[in-house]
Amino acid sequence: MGDRTNLLEMYAALRQAFGHRNWWPAQSPFEVIVGAVLTQNTNWDNVEKAVDSLREAGLLSPSALSEAAPQRLHELIRPAGYYRQKAGRLQRLARWVGEHCIEADSELGALKWEPLDQLREELLALNGVGPETADSILLYALEKPVFVVDAYTVRILGRHELIEPDATYGDVQEHFVHRLPPDVELFKDFHAQLVEVGKRYCRKRRPRCAECPLRPLLGEPVLEESDEA
DNA sequence: TGCCAGGCCGGGT
DNA sequence: ACCCGGCATGGC
14 MGDRTNLLEM YAALRQAFGH RNWWPAQSPF EVIVGAVLTQ NTNWDNVEKA
64 VDSLREAGLL SPSALSEAAP QRLHELIRPA GYYRQKAGRL QRLARWVGEH
114 CIEADSELGA LKWEPLDQLR EELLALNGVG PETADSILLY ALEKPVFVVD
164 AYTVRILGRH ELIEPDATYG DVQEHFVHRL PPDVELFKDF HAQLVEVGKR
214 YCRKRRPRCA ECPLRPLLGE PVLEESDEA
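Next comes the structure, spelled out in structure tokens:
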């Protein structure tokens, strides 16, 4: 509890290295929700192709997406992979949003009035929405102070032994929330920084730890043998 | 050329 | 309560 500063120092080091990430570029909160589903285990470059196609087709609104023919969705989002699963997930989410917001409310303002815990429960109850997708929506689309945990976050903290090897999603999330002020902009950019450092230096295989900006702060990471080859 | 990407679900122990 | 195979495309 006394090490509240450590994570802020970690963020400072990343911010120093990469600058503000201005992450999750999207033209509306609803587009963030769409991206949150499409990026599940998928490279963002592929996601952008799918999002662009949906935009051109005029399907980036809850009602239009809800009513689209699944076949048509399959074609439009194919580059993002898992397209049959993701088409269903998008439509379930679109219908859920539609139940809460009037169509013109592109800021999803009506959703923000609902209690945070209830929002999260409702999201997790949707088939195809797990903890990371739900939290990404809460943070980046609804501006709620929820820290998003992803595979990079777990790998980075794991290799520096800042979390237990068998830590759950909730464990890692608490690690951050208990040590950071609940600041939406901080949560957004910190997660973005972790993804950036993860992509560049903390890859699953052949990591480049020597050049990682976290190394001066956190020291030598502990790698599995399979990571090094 | 295989491996990986900003996960999640369902069925099996 | 875990563990695992399946889901799919595109880039390096």
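In terms of our numbering, the first sequence opens at residue 14 and continues consecutively.
For every residue, glycine included, the Cβ atom is placed at its ideal position computed from N, Cα and C.
In the DSSP assignment, find the unbroken alpha helix (DSSP H) run with S76 in it and report its ends.
Numbered from its first residue, the first sequence carries residue 76 at position 63. S76 -> alpha helix (DSSP H) spans 75 to 80.
From A25 to H33, what distance separates their C-alpha atoms?
Residue mapping note: residue 25 aligns to position 12 of the first sequence, counting from 1. Residue mapping note: residue 33 aligns to position 20 of the first sequence, counting from 1. If you take the alpha carbons of A25 and H33, they lie about 11 Å apart.
Would you report the Cα separation of L129 and A138, rounded to the nearest angstrom?
On the first sequence, residue 129 is found 116 positions in, with the first residue counted as 1. On the first sequence, residue 138 is found 125 positions in, with the first residue counted as 1. Going by the C-alpha atoms only, they are around 14 Å apart.
Per DSSP, what kind of secondary structure is K217 in: helix, strand or coil?
Counted from its first residue, the first sequence places residue 217 at position 204. It is coil, neither helix nor strand.
So what's G232 in DSSP terms, helix, strand or just coil?
The residue given as residue 232 occupies position 219 in the first sequence. DSSP places G232 in coil when its eight states are reduced to three.
What's the gap between the Cα of A242 and the Cα of R172?
Position 229 of the first sequence, counting from 1, holds the residue named residue 242. Position 159 of the first sequence, counting from 1, holds the residue named residue 172. Because the pLDDT of A242 is 49, which lies under 50, any placement of that residue in the model is unreliable, and the question is left without a value.
What is the rounded straight-line gap between the Cα of G122 and the Cα of C114?
By 1-based counting over the first sequence, the position of residue 122 is 109. By 1-based counting over the first sequence, the position of residue 114 is 101. Near 7 Å, if we compare the C-alpha coordinates of C114 and G122.
Evaluate E80 with the Cβ neighbour count: other Cβ atoms within 10 Å of its Cβ, from every protein chain shown; 16 or more gives buried, anything less gives exposed.
Position 67 of the first sequence, counted from the start, is the residue given in the question as residue 80. Under this definition E80 is an exposed residue.
Go ahead and pull the three-state DSSP assignment for I115.
Translated into the one-based positions of the first sequence, residue 115 becomes position 102. Residue state, collapsed to three classes: coil.
Does R192 come out as helix, strand or coil in the three-state DSSP assignment?
Against the first sequence, residue 192 aligns to sequence position 179. DSSP places R192 in coil when its eight states are reduced to three.
Could you give the first and the last residue of the continuous alpha helix (DSSP H) run that contains G122?
As a position in the first sequence, residue 122 is number 109, starting the count at 1. First-last of the alpha helix (DSSP H) with G122: 122 to 125.
Please report the straight-line C-alpha distance between F200 and V161, rounded to a whole angstrom.
Counted from its first residue, the first sequence places residue 200 at position 187. Counted from its first residue, the first sequence places residue 161 at position 148. Approximately 8 Å, taken between the alpha carbons.
Roughly how many whole angstroms lie between the Cα atoms of Y165 and R216?
As a working mapping, residue 165 is identified with position 152 in the first sequence. As a working mapping, residue 216 is identified with position 203 in the first sequence. Whole-angstrom Cα-Cα distance: 8 Å.
Taking 7 Å as the cut-off, decide whether the C-beta atoms of L106 and L155 are in contact.
The residue labelled residue 106 in the question sits at position 93 within the first sequence. The residue labelled residue 155 in the question sits at position 142 within the first sequence. Against a cut-off of 7 Å, the Cβ pair of L155 and L106 comes out as no contact.
Along the chain, where does the alpha helix (DSSP H) containing S66 start, and where does it finish?
As a position in the first sequence, residue 66 is number 53, starting the count at 1. Unbroken alpha helix (DSSP H) run through S66: 57 to 69.
Figure out for me which residue from F203, H204, Q104 has the closest Cα to the Cα of S76.
Here residue 76 corresponds to residue number 63 of the first sequence, with the count starting at 1. Checking every option, the nearest Cα to that of S76 belongs to Q104.
Indicate the three-state DSSP secondary structure (helix, strand or coil) for K157 in the structure shown.
Taking the first residue of the first sequence as position 1, residue 157 is located at position 144. The answer is coil: DSSP assigns K157 none of H, G, I, E or B.
Determine the contact status of I176 and H188, defining contact as a CB-CB distance below 7 Å.
For the purposes of this step, residue 176 is taken as residue 163 along the first sequence, with counting starting at 1. For the purposes of this step, residue 188 is taken as residue 175 along the first sequence, with counting starting at 1. Contact annotation: I176 and H188 have beta-carbon atoms nearer than 7 Å.
Short of 8 Å in beta carbon distance, which residues of its chain neighbour R133, apart from the five on each side in sequence? Order them along the chain.
Taking the first sequence and counting its residues from 1, one reaches residue 133 at position 120. If we look at R133 and ignore the five residues flanking it on each side, its Cβ neighbours are A147, D148, L151, V159.
Work out the CA separation of S66 and W109 for me, nearest whole Å.
For the purposes of this step, residue 109 is taken as residue 96 along the first sequence, with counting starting at 1. For the purposes of this step, residue 66 is taken as residue 53 along the first sequence, with counting starting at 1. The straight-line gap from Cα to Cα measures roughly 22 Å.
In whole angstroms, what is the alpha-carbon distance linking N19 and R168?
Taking the first residue of the first sequence as 1, we reach residue 19 at position 6. Taking the first residue of the first sequence as 1, we reach residue 168 at position 155. Approximately 18 Å between the Cα atoms of the pair.
Could you check if H204 is buried or exposed, using at least 16 other CB atoms within 10 Å of its CB as the buried criterion?
As a position in the first sequence, residue 204 is number 191, starting the count at 1. Buried.
Tell me which residues share the same chain as D163 and place their Cβ nearer than 6 Å to its Cβ, disregarding the 5 neighbours each side in the sequence.
Here residue 163 refers to the residue found at position 150 when the first sequence is read from its first residue. For D163, the CB contacts under 6 Å within the same chain, skipping 5 residues up- and downstream, are E145 in chain order.
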